[in-house]
Amino acid sequence: MPPKQNFFKVSGVLIQSKDASKQNFSMFVKAIDDNHAVILTRDYLKNNAPAGSSIIKGIEKIKE
């Protein structure tokens, strides 16, 4: 039986490398725990966001 997954709202700031501009972001992720949610979020941003860095500021577990 697979482990139970929950929904998490992950929010933070994207910092673009070319002009150091900052953009706030929030996204919902289905994950096993909060650490897994951060891993999934960083992987998604690495593949789909403009080049730069990300700072995770909040993780909120959504009620089931």
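Under this note's numbering, read the sequence shown as residues 5 to 68, first letter to last.
Glycine residues also receive a C-beta, built at the ideal position from the N, C-alpha and C atoms.
Remember, it's a predicted structure, so these values are computed and weren't measured experimentally.
| Asked | Found |
| --- | --- |
| Check whether the Cβ atoms of Asp38 and Ile63 lie closer than 8 Å to each other. | yes |
| In chain order, what residues of the same chain have a beta carbon less than 6 Å from the beta carbon of Pro54, not counting five sequence neighbours either side? | Gln20 |
| Can you have a look at Ser58 and say buried or exposed, based on whether 16 or more other CB atoms are within 10 angstroms of its CB? | buried |
| So is Ala35 buried or exposed if we call it buried at 16+ other beta carbons inside 10 Å? | buried |
| Please say whether Lys26 and Val17 have beta carbons closer to each other than 8 Å? | yes |
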